[in-house]
Amino acid sequence: MASPGRPGAVLVPRYPVIFNGTNWGDFVFHMEVHMDGQLLWGYLTGEWICPPRPLLPTPPTYPLDADDDAKNDLLEAFEAEMESYQSDLGVYETWLREEKSAKAILLASMEVDLSLSLRGLATSHLMWDHLRRSYEIRNEAMYLLCY
1 MASPGRPGAV LVPRYPVIFN GTNWGDFVFH MEVHMDGQLL WGYLTGEWIC
51 PPRPLLPTPP TYPLDADDDA KNDLLEAFEA EMESYQSDLG VYETWLREEK
101 SAKAILLASM EVDLSLSLRG LATSHLMWDH LRRSYEIRNE AMYLLCY
C-alpha cells in the first residue's frame with residue numbers, strides 16, 4: 001500500500017462490493033465484514049456515538065490573601081482538570097477521525113449517483129440508516145416477487 005500524500009491522510013481500503021441499488025443483501029454482508037475488519041462498524045450502526053467536545057478548563061485565579069498552600073491546591077486541581085481535558089480531547093479527536101474514515105469507506109463503496117442521496121447527512125450512521133430505510137425493504141420485496 002502506498003503511503004498517503006499528506007500527513008494524517010487515511011487511505012480508503014478498496015471495498016469488495018460496490019452498491020448499485022439492487023445488491024443490498026450482498027452489500028450489507030460485505031460492508032459489515034469489511035467495516036468490522038477496519039474497527040469501524042459501530043460508527044455505521046450508531047453504537048459509537050460522538051463524545052461531547054471537552055471544554056478547556058479555566059486557569060485558576062488566586063485570591064489576594066491566598067497562601068502558598070491554597071495556591072498550590074488550586075494549581076494541582078487545575079492540572080488534574082487539564083489532564084482529564086487532554087484525555088477527553090484525544091477520545092473526541094479519535095472519534096472524529098474514525099468517523100471520517102467510516103464515511104469515506106461507505107461513500108467509496110457506492111455508485112456515485114446513489115451516494116449523492118446522502119449529501120447533507122452529517123454522520124455515517126445517518127447515511128447508513130437512510131440507505132437501510134431506502135433499500136432494505138425494496139430489495140426484500142423484489143426478492144419475494146422473483147420467487
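Just so it is clear: in the sequence shown, position 106 is 106 by the UniProt record's numbering, and no numbers are missing. Just so it is clear, CB atoms sit at the ideal spot from N, CA and C, and this is done for glycine as well. Bear in mind that the values here come from a model prediction, so they are computed numbers and not experimental data.
If you draw a straight line from the alpha carbon of residue i to that of residue j, how long is it in whole angstroms?
i      : j      : result
Asn20  : Leu131 : 12 Å
Leu114 : Leu55  : 38 Å
Met31  : Ile49  : 19 Å
Arg97  : Tyr43  : 11 Å
Glu111 : Gly37  : 22 Å
Glu136 : Ser117 : 16 Å
Asn23  : Glu99  : 25 Å
Ala141 : Ile18  : Since pLDDT at Ala141 reaches only 49, below the 50 mark, its modelled position is unreliable, and the value read off the structure follows with that caveat. Straight-line Cα distance between these residues: approximately 21 Å.
Pro16  : Ser134 : 22 Å
Identify the residues that DSSP records as bridge partners of residue i: which are they?
i      : result
Phe78  : According to DSSP, Phe78 bridges with nothing at all.
Met110 : Phe19
Should residue i be labelled buried (16 or more other beta-carbon atoms within 10 Å of its own) or exposed?
i      : result
Ala102 : buried
Leu39  : exposed
Phe29  : exposed
Leu106 : buried
Ser84  : exposed
Ser109 : buried
Met82  : exposed
Look up residue i in the DSSP assignment and say whether it is helix, strand or coil.
i           : result
Tyr15       : coil
Leu55       : coil
residue 166 : The requested residue 166 is not part of the displayed model; the chain covers only 1 to 147.
Met1        : With a pLDDT of 43 at Met1, under the threshold of 50, the modelled position of that residue is not reliable, and no figure is offered here.
Phe119      : The sequence as given places Arg at residue 119; Phe does not occur at that position. If DSSP states are grouped into helix, strand and coil, Arg119 belongs with coil.
Practice task
Examine the Cβ distances between the region 47-54 and the region 89-102 and report whether three or more of them are shorter than 8 Å.
Solution key: yes
Practice task
Please determine if the region 69-79 and the region 114-130 are in contact, where contact requires at least 3 C-beta pairs separated by less than 8 Å.
Solution key: no
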